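Trainee: Right, I'll just put the structure down here and ask away after.
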Amino acid sequence: MIPAFYVLFLGLVGCASGPGGDADTDSGGDSHAQVAPQPQDGHWALADAVWGLDTCGLGSVEQGAGLINAGYTSELVSETSFTLAVDELGADGSPQQEPYACTLSDDDFSCDLQENVQDLAPDLDAVLHFGTLSSGTIVSSTTATVAIVWTFACDGADCATVQGFMHVATLPCESTISYSATAD
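In my numbering, the protein residues as written are 23 to 206.
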C-alpha cells in the first residue's frame, strides 16, 4: 500500500514596517518592504496535480489517485513554523499520522523529512523504507504551491517481490508531484 499522507503548504511570516508602511524608519528612505503573505490556519485542499519524475510509477497506478485528492489542516506555531496533518482518518476515527513540522523563510516553506520503515517479516525478507519531503511557496493568505518528493527503498532478499507488488522497475525509486493548494 502506498501511503497517501504528506503534503505541506502553510506558514506565517510578518514583516515590520515603519510609519506609513515605509520599511526603513529613517526620514529619507523610499524603499518599501514587501510583506510576505500570511496564510490562514485551517483546512486546505489540493488541486491541479502535475507529476514530474515518476520512477516509482505512482502517477500511473490507481493508488496514486489518493495522493492527488488529499486535504490537509495547518496550525501555525510561530511566525516561522507550523504543523500539517493529513485529513485521513483510521477505522476508529483517529488521525492516521501525527502532525509534522514545517519551517517558513519569507514566503517559501519546507517540511521535515517524513520517514516510515515497514518490516515485512515474517512473510518476506524485506524492509521497505518510505520517505516524503515537501516544500512550496505561499502565494497569498488562501493559496500556495506545493511540491512533494516520495522515495521508496528496500533492504532484504525479497525486494524483487516487493518491486512486483509495487509495480516498479527498480528500487530505490522516486516520484515527484506539484499541486496548487487553496484554503477552504
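Just so you know, even glycine gets a beta-carbon here, dropped at the ideal spot from N, CA and C.
Model, not experiment: these values are computed from the prediction.
1. Would you report the Cα separation of L98 and C181, rounded to the nearest angstrom?
2. Could you check whether the stretch 159-169 touches the stretch 183-191, counting it as contact only if at least three pairs of C-beta atoms, one from each stretch, sit closer than 8 Å?
3. Kindly indicate which three-state DSSP category A123 falls into: helix, strand or coil?
4. Which term fits P59, buried or exposed, when burial requires 16 or more other beta carbons within 10 angstroms of its beta carbon?
5. In this structure, does DSSP put S82 in helix, strand or coil?
6. Could you give the distance in angstroms between the alpha-carbon of P144 and the alpha-carbon of C124?
7. Starting from T183, follow the beta strand (DSSP E) in both directions and report where the run begins and ends.
Mentor: To lay it out plainly:
1. 40 Å
2. no
3. strand
4. buried
5. helix
6. 36 Å
7. Looking at the DSSP string, T183 is not in any beta strand (DSSP E); the run it does join, the alpha helix (DSSP H), is C181 to M188.
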